[in-house]
Amino acid sequence: MEIVRSQRKPSASHDVDVAPTLPIYRSAPALEVRLEDFELFAIDRLRVLKGISDGLSRGKKPDEMEKLELRKWFLSIETALFRYRFRLESSDVQFQKALMAEFDLPYKAVSNAEYEGLKDKLSQVARSIGQSSPSADRIFYKVPFEEVPELVASRRVYIQKGHAYVAMNQVVSLVVTQFRSHLSKALVLTNRKWTSIIREQEKDRLTPIVEALSTSYLGPDYSQPKEYAEISLKDINQVAKTSFPLCMRHLFEKLREDHHLKHGGRMQLGLFLKGVGLKLDDALAFWKAEFSRKVGAERFDKEYAYGIRHNYGKEGKRTDYTPYSCQKVISSTPGVGDHHGCPYRHFSEENLRAALGKMGVSNRALEDVIDKVRNRHYQLACTLTFEAVHASSCDAGINHPNQYFSESQKIMESKARASGACDHLREFGAVKEAAVSQCRNGRKLTDRMPFGCVVLEL
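Per my numbering, the sequence shown starts with residue 11, numbered consecutively.
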């Protein structure tokens with residue numbers, strides 16, 4: 011991977027030149043990396059790309075992105091990241107010149123004589139897009155207009171005799187096209203080399219890491235409850251209504267309705283409940299109470315209790331199993347009679363609308379959710395559902411059912427505190443009003459008011 015480095019001179023306040031880098035993906039980097047570091051770097055990169063992907067899918071504009079089929083996705087999002095990073099260097103002319111040279115672009119800068127003849131036209135274009143008028147030291151490139159369609163469509167260039175005059179601060183459109191082309195070719199070549207040679211050579215070392223990246227969960231660990239240490243059996247019905255994501259709410263309701271779930275449903279719901287803080291003893295009591303109504307208590311103890319203890323690391327290999335991430339839930343393929351998986355992916359539109367309406371999603375928000383589902387943005391659909399149900403934004407996006415629960419509980423706790431404060435004020439107001447009434451009748455007060463407030467003798 012080749013790196014283009016800025017040639018800017020260090021300022022007086024900096025002894026060392028800080029050189030920004032942009033990968034061009036023309037060749038593999040000439041360096042050695044430990045496997046552990048390689049995996050960490052790859053996952054960090056995926057986190058960045060996932061954040062950009064979510065932002066673009068939610069209609070974020072390029073300047074908002076700062077706050078916030080795999081090969082095709084990677085190509086598209088890496089290009090978006092390159093465009094953003096290039097724009098960060100828009101004030102560094104030397105950097106941009108170096109990058110233009112690196113791509114071997116066959117364009118020449120407009121001469122001073124030609125510029126003088128076009129200055130008025132270029133000034134008109136600059137004013138129309140809200141930019142300052144070009145100056146003599148501003149560099150323009152003369153390129154075939156069909157190579158900058160986005161600039162032509164938005165009328166950000168002057169066109170004459172089939173050529174577009176592109177200002178240096180808009181040359182990103184030219185460079186991005188070249189970057190995407192280089193990256194696309196590099197991905198094809200890398201894939202060929204990987205499948206023909208490297209995969210087999212690295213089957214015991216690098217291959218497991220690389221092939222697991224596409225399904226890697228990138229968020230926090232929800233194997234153990236954090237903020238909300240546990241939920242009890244007496245609370246489970248209420249929190250299921252208020253804080254379970256649709257996938258878990260559907261399983262919970264089907265369990266209550268049928269008193270049974272197949273293996274996939276038991277795993278998905280059971281590990282979720284473990285992650286939100288349902289202790290093993292309560293989990294056994296919860297599942298037994300439901301299953302016993304259909305299969306009997308004795309059969310439950312023989313056939314199902316072991317699986318629950320196994321999920322909690324108390325049987326078999328003593329593995330402490332983790333709750334399923336959204337990616338794992340979405341990728342599952344439920345069969346006939348199964349209820350696990352992602353409702354946004356597997357429900358019919360009619361059933362999904364009914365389920366979302368039951369959760370309290372308004373008609374306007376519902377259409378936004380359905381639109382994301384139609385475009386296969388299932389996690390964004392869940393995020394919009396969360397925002398509609400809780401009347402609160404979730405800029406980070408929902409990436410894990412247990413994250414949905416945790417964020418929901420934070421909001422519920424905040425509302426509860428606010429409600430308690432309101433109750434305090436109402437009671438305080440009532441006592442104060444009574445005190446004023448007593449004072450008007452000439453009576454002295456020594457009563458201690460609620461919440462530590464004291465009315466002194468008058």
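Ideal Cβ positions, reconstructed from N, Cα and C, are used throughout, including at glycine.
Checklist line | Residues that PRO154 bridges to, as DSSP identifies them | finding: Walking along the sequence shown from the start, residue 154 turns up at place 144. Answer by DSSP bridge pairing, in chain order: HIS173.
Next item on the list: State yes or no: is the beta carbon of ASN409 nearer than 9 Å to at least one beta carbon in chain B?
Entry: Considering every chain present, this structure includes no chain B. It has just one protein chain.
Next item on the list: Give the DSSP-derived three-state secondary structure of TYR117 in the structure shown.
Entry: For the purposes of this step, residue 117 is taken as residue 107 along the sequence shown, with counting starting at 1. Residue state, collapsed to three classes: coil.
Notebook entry, point to check: Terminal residues of the continuous alpha helix (DSSP H) containing CYS336?
Noted result: As a position in the sequence shown, residue 336 is number 326, starting the count at 1. Counting along the chain, the alpha helix (DSSP H) containing CYS336 begins and ends at 336-341.
Check: What separation, rounded to the nearest whole angstrom, lies between the Cα atoms of LEU390 and GLY407?
Finding: Residue 390 sits at position 380 when you count from the first residue of the sequence shown. Residue 407 sits at position 397 when you count from the first residue of the sequence shown. The straight-line gap from Cα to Cα measures roughly 7 Å.
Notebook entry, point to check: At which residue ranges does the region 269-297 contain complete alpha helix (DSSP H) runs of 4 or more residues, listed in the order of the chain?
Noted result: 273-286
Check: Under three-state DSSP, which class holds TYR331?
Finding: Counting from 1 along the sequence shown, the entry for residue 331 is found at position 321. Three-state result, TYR331: coil.
Margin query: Rounded to the nearest angstrom, what separates GLY280 and THR89 at their Cα positions?
Written below: Here residue 280 refers to the residue found at position 270 when the sequence shown is read from its first residue. Here residue 89 refers to the residue found at position 79 when the sequence shown is read from its first residue. Those two C-alpha atoms are separated by around 40 Å.
Check: Given a threshold of 16 other Cβ atoms within 10 Å of its Cβ, counted over all protein chains shown, does LYS382 qualify as buried or as exposed?
Finding: On the sequence shown, position 372 is the one that residue 382 refers to. Per the 10 Å Cβ criterion, buried.
Margin query: Looking only at its chain, what residues have a beta carbon closer than 8 Å to the beta carbon of LEU85, apart from the 5 residues adjacent to it on each side?
Written below: Position 75 of the sequence shown, counted from the start, is the residue given in the question as residue 85. Around LEU85: ARG190, LEU193, SER194, LEU197.
Next item on the list: Note down, in chain order, each residue of its chain lying with its Cβ closer than 8 Å to the Cβ of VAL339, except the 5 sequence neighbours on either side.
Entry: Looking up residue 339 in the sequence shown gives position 329. Annotation for VAL339: CYS257, GLN278, HIS350, GLY351, CYS352, PRO411 place their beta carbon closer than 8 Å to its own, counting only its chain and skipping 5 residues before and after.
Checklist line | Same chain, Cβ closer than 7 Å to LEU128, neighbours up to 5 away in sequence not counted | finding: The residue you call residue 128 lines up with position 118 of the sequence shown. Cβ neighbours of LEU128 beyond the five flanking positions: TYR168, TYR175.
Next item on the list: Return the CA-CA distance between LYS420 and ALA177, expressed in angstroms with no decimal places.
Entry: Residue numbering aside, residue 420 sits at position 410 when the sequence shown is read from its first letter. Residue numbering aside, residue 177 sits at position 167 when the sequence shown is read from its first letter. Roughly 49 Å separates the two Cα atoms.
Margin query: Going by DSSP in three states, TYR168 sits in which element: helix, strand or coil?
Written below: Here the question's residue 168 lines up with position 158 in the sequence shown. In this structure, TYR168 counts as strand in the three-state DSSP scheme.
Note to self: Starting from MET178, trace the alpha helix (DSSP H) in both directions and tell me its first and last residue.
What the structure shows: Position 168 of the sequence shown holds residue 178. Here MET178 belongs to no alpha helix (DSSP H), and DSSP marks it neither H nor E.
Next item on the list: Mind listing, in chain order, the continuous alpha helix (DSSP H) runs of no fewer than 4 residues lying wholly within the region 177-217?
Entry: 182-203
Margin query: Just verifying my parser: in three-state terms, what is the DSSP assignment at HIS320?
Written below: Stepping through the sequence shown from its first residue, residue 320 is reached at position 310. In the structure shown, HIS320 sits in a helix (DSSP, three-state: H, G or I).
Next item on the list: Spatial neighbours of GLU237 within its chain, please: CB distance less than 8 Å, with the 5 preceding and 5 following residues excluded, ordered by chain position.
Entry: Start at 1 with the first residue of the sequence shown, and residue 237 comes out as number 227. Note that GLU237 scores a pLDDT of 47, beneath 50, so its modelled location is shaky; the value from the coordinates is reported in the next line. Taken in chain order, the residues that qualify are SER416, GLN419, LYS420.
Checklist line | Span of the alpha helix (DSSP H) around HIS410 | finding: Along the sequence shown, read from residue 1 onward, the residue named residue 410 stands at position 400. Unbroken run through HIS410: none, as it is neither H nor E.
Item checked: ASN385 - DSSP class collapsed to helix/strand/coil -> Working through the sequence shown from its first residue, we reach residue 385 at position 375. Residue state, collapsed to three classes: coil.
Notebook entry, point to check: When burial is assigned at 16 or more other CB atoms within 10 Å of the CB, is SER358 buried or exposed?
Noted result: By one-based count along the sequence shown, residue 358 stands at place 348. Flag for SER358 reads exposed.
Check: Taking Cβ to Cβ, would you say ARG309 is nearer than 9 Å to LEU290?
Finding: Mapped onto the sequence shown, residue 309 falls at position 299. Mapped onto the sequence shown, residue 290 falls at position 280. The answer is no: Cβ separation not under 9 Å.
Check: Does DSSP put PRO255 in a helix, a strand or coil?
Finding: For the purposes of this step, residue 255 is taken as residue 245 along the sequence shown, with counting starting at 1. DSSP places PRO255 in coil when its eight states are reduced to three.
Next item on the list: Could you name the residues of the same chain whose beta carbon sits closer than 8 Å to that of VAL182, not counting the 5 residues immediately before and after it, in chain order?
Entry: Residue numbering aside, residue 182 sits at position 172 when the sequence shown is read from its first letter. Only ARG93, PHE96, ARG97, SER100 meet the Cβ criterion.
Margin query: By alpha-carbon positions, which one of PHE282, LEU294, ILE219 ends up nearest to ALA52?
Written below: The residue labelled residue 52 in the question sits at position 42 within the sequence shown. Just measuring C-alpha positions, the residue of PHE282, LEU294, ILE219 sitting nearest ALA52 is ILE219.
Next item on the list: Pull up the distance between the alpha-carbon of CYS336 and that of VAL249, whole angstroms please.
Entry: Position 326 of the sequence shown, counting from 1, holds the residue named residue 336. Position 239 of the sequence shown, counting from 1, holds the residue named residue 249. The alpha-carbon atoms of CYS336 and VAL249 are separated by roughly 20 Å.
Item checked: Own chain, CB closer than 7 Å to HIS269, minus 5 neighbours either side, in chain order -> Position 259 of the sequence shown, counting from 1, holds the residue named residue 269. Excluding residues within five positions, the ones whose Cβ falls inside 7 Å are GLU300, PHE301, ARG303, LYS304.
Item checked: Sequence-distant residues of its chain with Cβ nearer than 7 Å to ILE208 (five each side left out) -> Your numbering for residue 208 matches position 198 in the sequence shown. Same-chain partners within the cutoff: there are none.
Checklist line | CA nearest to the CA of TYR117, picked from ALA375, ALA365, LYS152, GLU267 | finding: Position 107 of the sequence shown, counting from 1, holds the residue named residue 117. That would be LYS152, whose Cα lies nearest to the Cα of TYR117.
Checklist line | Nearest-angstrom Cα separation, counted from ILE62 out to GLU76 | finding: On the sequence shown, residue 76 is found 66 positions in, with the first residue counted as 1. On the sequence shown, residue 62 is found 52 positions in, with the first residue counted as 1. Residue confidence for GLU76 is low, a pLDDT of 48 falling below 50, so the modelled location carries little weight; the figure read from the coordinates is stated next. The alpha-carbon atoms of GLU76 and ILE62 are separated by roughly 9 Å.
Notebook entry, point to check: Which residue comes first and which comes last in the alpha helix (DSSP H) that contains GLY367?
Noted result: Stepping through the sequence shown from its first residue, residue 367 is reached at position 357. Start and end: 359-369.
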